[in-house]
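Position one of the sequence shown corresponds to residue 1 (this note's numbering), numbered consecutively onward.
Just so it is clear, CB atoms sit at the ideal spot from N, CA and C, and this is done for glycine as well.
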Amino acid sequence: PLFWIKIWKNAIENGLQTIEEYGHAKPNSRSIVDPLYSIKNYLTEYINNESSHVITKDFLKKLVDTTFVSMESTAKMKPKVGRASYVDPNQITTPDAGARAISSIINSIYKAYLMFNS
Numbered sequence: 001p002l003f004w005i006k007i008w009k010n011a012i013e014n015g016l017q018t019i020e021e022y023g024h025a026k027p028n029s030r031s032i033v034d035p036l037y038s039i040k041n042y043l044t045e046y047i048n049n050e051s052s053h054v055i056t057k058d059f060l061k062k063l064v065d066t067t068f069v070s071m072e073s074t075a076k077m078k079p080k081v082g083r084a085s086y087v088d089p090n091q092i093t094t095p096d097a098g099a100r101a102i103s104s105i106i107n108s109i110y111k112a113y114l115m116f117n118s
């Protein structure tokens, strides 16, 4: 299980590196980067602190919650990159679409896990 968690973390890190290089997005720029950093940080903390490193319902639920909170926080951020940066920030009241997509993907992984492990 630790092997898969490290693969997830490395995939997220590689994706972030590419997004930052080509899209110039950084954390707190109201973008897909915000929940991805939350996921990377959660996985890094889990790898460094957990003794069992088992992928469990609780592990995935915390990942879902962490991602959701990060996605929701983008609603209050000033857009610094992407299409939203061309719009009056006072008109933007919902979370970033890319951040919402990442949250939905993580939630879908959790639901699939529950479906096959109940």
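Outcome for residue 95 when other beta-carbon atoms lying within 10 angstroms are tallied against a minimum of 16: Taking the first residue of the sequence shown as 1, we reach residue 95 at position 95. Counting Cβ neighbours within 10 Å, residue 95 comes out buried, since at least 16 surround it.
Collapsed DSSP secondary structure at residue 87 in the structure displayed: In the sequence shown, the residue the question calls residue 87 occupies position 87. Residue state, collapsed to three classes: coil.
Proximity below 7 Å, CB of residue 29 to CB of residue 81: Numbered from 1 along the sequence shown, position 29 holds the residue referred to as residue 29. Numbered from 1 along the sequence shown, position 81 holds the residue referred to as residue 81. Going by C-beta atoms, residue 29 is nearer than 7 Å to residue 81.
Cutoff 7 Å; reference residue 85; Cβ partners in own chain excluding five residues on either side: The residue given as residue 85 occupies position 85 in the sequence shown. Excluding positions up to five away in sequence, the list reads 79.
Boundaries of the alpha helix (DSSP H) in which residue 102 is found, first to last residue: In the sequence shown, the residue the question calls residue 102 occupies position 102. Start and end: 97 to 116.
Same chain, Cβ closer than 7 Å to residue 74, five either side skipped, listed in chain order: In the sequence shown, the residue the question calls residue 74 occupies position 74. Taken in chain order, the residues that qualify are 30, 34, 95, 96 and 99.
C-alpha distance - residue 87 paired with residue 63, whole-angstrom precision: Locating residue 87 in the sequence shown gives position 87, where the first residue counts as 1. Locating residue 63 in the sequence shown gives position 63, where the first residue counts as 1. The alpha-carbon atoms of residue 87 and residue 63 are separated by roughly 31 Å.
Same chain, Cβ closer than 8 Å to residue 117, five either side skipped, listed in chain order: Indexing the sequence shown from 1 puts residue 117 at position 117. So the qualifying residues of the chain are 57.
Inter-residue spacing [alpha-carbon to alpha-carbon] between residue 39 and residue 6: By 1-based counting over the sequence shown, the position of residue 39 is 39. By 1-based counting over the sequence shown, the position of residue 6 is 6. About 12 Å.
Separation of residue 115 from residue 16, as counted between CA atoms: Within the sequence shown, numbered from 1, the residue matching residue 16 stands at position 16. Within the sequence shown, numbered from 1, the residue matching residue 115 stands at position 115. Cα to Cα, the separation comes out at about 30 Å.
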